[in-house]
DNA sequence: CTCATCTTTCAGTATATTTTGAAAATTCGG
DNA sequence: CCGAATTTTCAAAATATACTGAAAGATGAG
């Protein structure tokens, strides 16, 4: 397979993959494109390569920057802004975990804490099932939260090094 | 907070949470409802509680069954079908991981294997960056795949017991 | 076998999300 | 500063996704 085709496939599949994870297609595709591009690219480069509008490109680049996955780069002698993606995949994963934890897990845990204190007689099976379910989700969630914290703090690749040895 | 309100909040927030993970709102809500319900429920119970149509209810229950998160239950003396959700949260997580691994991670790894063998001179920086990126994603993915396999096979709660001690 | 009950399907409709493109705002070299 | 180049915004349009409800299909008690 030729590079052009391979690149095409990578970008298109990464986009589809992203949609299963609550990330929109275009955002994932721009990220994929930057990941496999050796040099920083401009908005126009990206627009042309992916055949998308200026507005769409701009919005999604901004979102990628918010997620900490893409950086604005200023090249001397150039008026335009250039963009580049973090290439260290471990850092990418860490960054995504960090953001999703903050945006999704933490608020959910706060809610569960509150819901666990529902009024009512625990002998009522409706109350009991509710409290038990909420409580077990909360406990698992808290544990996941701690584990992810550790992972984020780890300098070295937790997933790729520690786990291999420990669990084999 | 009263049980009715707490239940309402749990269901509604679980639905919103689900949408960030590629699961549709209704499917997540039905799951949430069954998780906090002590007894199995019929389609009509679910329709009424969530104010959704018969067709929608039916489709989403089926999907939950496909995912292995909900079971059809036949109560003796009853003509109707009843539904119940697995309440052990660890099992729920394991089941979800298993399905998503099969549906998403494995096909992606197959693609990456193929793409890593792209034609072209590795001295060309475009080829090099592409191969390096694909290769590092593939390696991390393979590792995740193995780790998840181990997690799925584990009888005991890998997340809640092993990791606490090992990484503290 | 019959028929009332329950389940499934799916075309049409509604809703939500994404994308466009042109206009407004900003930036910076001269 | 000026004005061309560049970036950003956002209302409208396009697309994708989810939901409804009625009709068709399946089931099982009698």
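Residue numbers (the numbering used here), protein chains in the order written: chain A, 877 to 1044; chain B, 877 to 1044.
For each residue, glycine too, the CB sits at the ideal point set by N, CA and C.
Cα-Cα separation between residue i and residue j, rounded to whole angstroms
i              : j              : result
residue 893/B  : residue 989/A  : 16 Å
residue 928/A  : residue 932/B  : 34 Å
residue 1018/B : residue 916/B  : 39 Å
residue 907/B  : residue 937/B  : 8 Å
residue 935/A  : residue 902/B  : 29 Å
residue 1065/A : residue 955/B  : Only positions 877 to 1044 of chain A appear in the structure, and residue 1065/A is not among them; the question remains open.
residue 973/B  : residue 984/B  : 15 Å
residue 1000/A : residue 879/B  : 11 Å
residue 888/B  : residue 997/B  : 54 Å
residue 1014/B : residue 960/B  : 38 Å
residue 964/B  : residue 1029/B : 16 Å
residue 1024/A : residue 969/A  : 11 Å
residue 1020/A : residue 1022/B : 19 Å
residue 1026/A : residue 1027/B : 18 Å
residue 881/A  : residue 982/A  : 41 Å
residue 930/A  : residue 900/A  : 16 Å
residue 986/B  : residue 877/A  : 15 Å
Short Cβ contact (8 Å threshold) for residue i with residue j
i              : j             : result
residue 945/B  : residue 971/B : yes
residue 1016/B : residue 966/A : yes
residue 962/A  : residue 948/A : no
residue 896/B  : residue 980/A : yes
residue 953/A  : residue 898/B : no
Exposure label - residue i; buried when at least 16 CB within 10 Å
i              : result
residue 994/A  : buried
residue 891/A  : buried
residue 905/A  : buried
residue 883/B  : buried
residue 1039/B : Note that residue 1039/B scores 49 on pLDDT, short of 50, meaning its location in the model is unreliable and no value can be drawn from it.
Cutoff 7 Å; reference residue i; Cβ partners in own chain excluding five residues on either side
i              : result
residue 925/B  : 909
residue 886/B  : 908 and 912
residue 922/A  : 906, 909 and 933
residue 1012/A : none
residue 1004/B : 998
residue 1002/A : none
Cβ-based neighbour list, residue i, same chain, cut-off 6 Å, excluding 5 preceding and 5 following
i             : result
residue 919/A : 933
residue 951/A : 958
residue 978/A : none
Chain-order list of residues whose beta-carbon lies under 8 Å from that of residue i (same chain, five-residue window excluded)
i              : result
residue 1042/B : Since pLDDT at residue 1042/B reaches only 40, below the 50 mark, its modelled position is unreliable, and no value is offered.
Could you tell me whether the region 907-918 of chain B touches the region 1003-1012 of chain A, using the rule of 3 or more Cβ pairs below 8 Å? yes
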